[in-house]
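Positions 102 to 439 (the numbering used here) are the ones given, in order, by the sequence shown.
Glycine included, C-beta positions come from ideal geometry on N, C-alpha and C.
All of these numbers come straight from a predicted model, not from anything done at the bench.
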Amino acid sequence: MLAQLQTNNGTFIGRYWNEYNVLRRYFSSDWGVSILSFGCSTGEEIRTVKALFPKATIFGCDHDWHDLRAARSLVGDFANVFHSTEADVLSHGPYDIILCNSVLLRPTSMINGKKCGIAPEQWSDIVDLLNSSLKPGGILQIINSNIPFRLHPAASSYESVRSPLLLGPNFVDMFDLERRHLCSGVTGAGMSAHCFRHLGEESWRDLRPSDFDDVHFRKSGGAQPLPLIDNEKIPNVPDRPAYATGTTTYRPVMTPGSRPSTYQEIDVTWTASASDVYVTRAVKRVWFDGSTVSDWQTSACIPGIAAGSFLEAVTGRASSRISIATLAEAALRSSPSI
Ligand SMILES: C[S@@+](CC[C@H](N)C(=O)[O-])C[C@H]1O[C@@H](n2cnc3c(N)ncnc32)[C@H](O)[C@@H]1O
Numbered sequence: 102m103l104a105q106l107q108t109n110n111g112t113f114i115g116r117y118w119n120e121y122n123v124l125r126r127y128f129s130s131d132w133g134v135s136i137l138s139f140g141c142s143t144g145e146e147i148r149t150v151k152a153l154f155p156k157a158t159i160f161g162c163d164h165d166w167h168d169l170r171a172a173r174s175l176v177g178d179f180a181n182v183f184h185s186t187e188a189d190v191l192s193h194g195p196y197d198i199i200l201c202n203s204v205l206l207r208p209t210s211m212i213n214g215k216k217c218g219i220a221p222e223q224w225s226d227i228v229d230l231l232n233s234s235l236k237p238g239g240i241l242q243i244i245n246s247n248i249p250f251r252l253h254p255a256a257s258s259y260e261s262v263r264s265p266l267l268l269g270p271n272f273v274d275m276f277d278l279e280r281r282h283l284c285s286g287v288t289g290a291g292m293s294a295h296c297f298r299h300l301g302e303e304s305w306r307d308l309r310p311s312d313f314d315d316v317h318f319r320k321s322g323g324a325q326p327l328p329l330i331d332n333e334k335i336p337n338v339p340d341r342p343a344y345a346t347g348t349t350t351y352r353p354v355m356t357p358g359s360r361p362s363t364y365q366e367i368d369v370t371w372t373a374s375a376s377d378v379y380v381t382r383a384v385k386r387v388w389f390d391g392s393t394v395s396d397w398q399t400s401a402c403i404p405g406i407a408a409g410s411f412l413e414a415v416t417g418r419a420s421s422r423i424s425i426a427t428l429a430e431a432a433l434r435s436s437p438s439i
């Protein structure tokens, strides 16, 4: 039996929608694609991914029997949900995509006066298993890991696949394999994955800007090259009447004398129609020493549920949780080859 890592089972429909949406565009069709939600909790991640990959074969596993029961009742027979043993993870694979979101962590605790997260050996064992279960050319999506994926030996066989539409890989504390504390995650206002910052801890100099960017890792090998993505714009119908427009700026509150921090400065302008939002998002990452390590701007036309997520992000509200019907409608409109 695998060790239980994250004990909190919090999840919801539409969580990480942006990241799944970007993932969807790496596959020209979802026919024959197999996906594992590792740590599926009560099934909302499976339900959400199904909307974008309606023809894929979807699996979910979790350590917790109560969550598994809830997941089975939520997803019915469109996904195979099983208890997370090493044998079962391997026997249902190999997979084209593995989602490992908010699993590779432990709530930070104090042990002998020192902050601690996940046990490095447990983290390594699970990452080994996921690596063994992924097809060559497959994609591993990791959000919220206590330890950056690049520190695992398997990472040398992966390349990161970046997109300016990705909001970010984590808002939790990070450590290295020697349990040294790299940074403390500090969530921001509204949509935390969008507006997080991190405070420097004992080994913050060992952090890399990529630790705050990389979400998708592509395993080497495989016959299919990644499709070229047209300037990271989500295709949909652009000419609808606007009913609202706005701008939002995010700047973290920095108290004088506080520990060094890395954070993002974000400026968003948006125009909403009945069902889409056109967003221009400028993001600058300020590093611990005050230097700028990335600075870019991207525009996107975002349909349905993703538009809802962006509106939540820019208004700082997370009240409009999205219905399954909206998800399905968004999937039809945003999937390139359905
Ligand atoms: C916060 S939930 C994440 C749910 C979903 N992936 C998401 O991102 O919304 C974390 C889940 O990971 C599960 N988990 C922890 N250790 C696990 C393991 N070794 N194998 C499978 N699931 C595990 C927990 O039981 C919990 O349901």
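Cβ-heavy atom distance, residue i to ligand 1, below 7 Å
i      : result
Asp168 : yes
Val204 : yes
Asn247 : no
Thr348 : no
Thr288 : no
Phe313 : no
Leu103 : yes
Asn110 : yes
Ser138 : yes
Glu145 : yes
Arg116 : yes
Cys141 : yes
Asp274 : no
Ile240 : no
His193 : no
Gln398 : no
Gly365 : Note on residue identity: the sequence assigns Gln, not Gly, to residue 365. Because no heavy atom of ligand 1 lies under 7 Å away, the Cβ of Gln365 does not count as near it: no.
Ile403 : no
Ile243 : no
His164 : yes
Ile227 : yes
Leu106 : yes
Anticipated Cβ contact below 8 Å, residue i with residue j, distance rounded
i      : j      : result
Thr143 : Asn110 : 6 Å
Asn202 : Glu279 : Between Glu279 and Asn202 the Cβ distance is about 25 Å, and since that is not below 8 Å, they are no contact.
Val384 : Thr393 : With 8 Å as the limit, Val384 and Thr393 do not qualify as a contact, their Cβ atoms being about 11 Å apart.
Val182 : Leu169 : 6 Å
Trp224 : Leu200 : Between Leu200 and Trp224 the Cβ distance is about 17 Å, and since that is not below 8 Å, they are no contact.
Asp197 : Lys156 : Their Cβ separation, rounded to whole angstroms, is 12 Å, which puts Asp197 and Lys156 out of contact at 8 Å.
Ile136 : Phe154 : 6 Å
Inter-residue spacing [alpha-carbon to alpha-carbon] between residue i and residue j
i      : j      : result
Ser102 : Phe297 : Position check: residue 102 holds Met in this sequence, whereas Ser was assumed. Between Met102 and Phe297, the C-alpha separation is close to 34 Å.
Pro195 : Ala220 : 26 Å
Asp165 : Phe250 : 24 Å
Asn232 : Pro357 : 43 Å
Ser185 : Ser374 : 43 Å
Thr158 : Val150 : 11 Å
Asp390 : Tyr364 : 11 Å
Arg309 : His317 : 16 Å
Ser234 : Ala171 : 25 Å
Ile248 : Pro353 : 24 Å
Ser438 : Ser130 : Below a pLDDT of 50, predicted positions are generally treated as unreliable, and Ser438, at 40, falls in that range; no measurement from the model is reported.
Asp163 : Asp226 : 16 Å
Leu106 : Gly286 : 18 Å
Phe313 : Leu283 : 12 Å
Lys334 : Gly214 : Caution is warranted here: a pLDDT of 46 is assigned to Lys334, below 50, making its placement in the model unreliable, and no coordinate value can be reported.
Gly140 : Ser257 : 24 Å
Arg263 : Ala345 : 30 Å
Ala408 : Tyr259 : 31 Å
Gly115 : Arg125 : 14 Å
Glu222 : Leu252 : 12 Å
Ile367 : Asp189 : 42 Å
Thr108 : Ser246 : 13 Å
Residue i: CB within 7 Å of a non-hydrogen atom of ligand 3
i      : result
Ser185 : Absence of ligand 3 is noted for the structure shown, with ligand 1 being the only ligands found.
Touching by the beta-carbon criterion (3+ pairs, under 8 Å), the region 263–280 and the region 111–120: yes
In chain order, which alpha helix (DSSP H) runs of at least 4 residues are fully inside the region 258–308? 293–296
Unbroken beta strand (DSSP E) runs of length 3 or more, entirely within the region 154–190: which are they? 158–163, 180–184
Can you find at least 3 beta carbon pairs, one from the region 301–311 and one from the region 175–189, that sit closer than 8 Å? Segment contact: the region 301–311 against the region 175–189, fewer than three CB-CB distances shorter than 8 Å; contact not assigned.
Are there three or more Cβ pairs, one per stretch, closer than 8 Å when the region 348–357 is compared with the region 273–285? no
Would you check if there are 3 or more beta carbon pairs closer than 8 Å linking the region 394–405 to the region 365–379? Here the region 394–405 lies against the region 365–379, with 3 or more beta-carbon pairs under 8 Å apart.
4 or more residues per run - each alpha helix (DSSP H) lying fully within the region 104–137: 118–125
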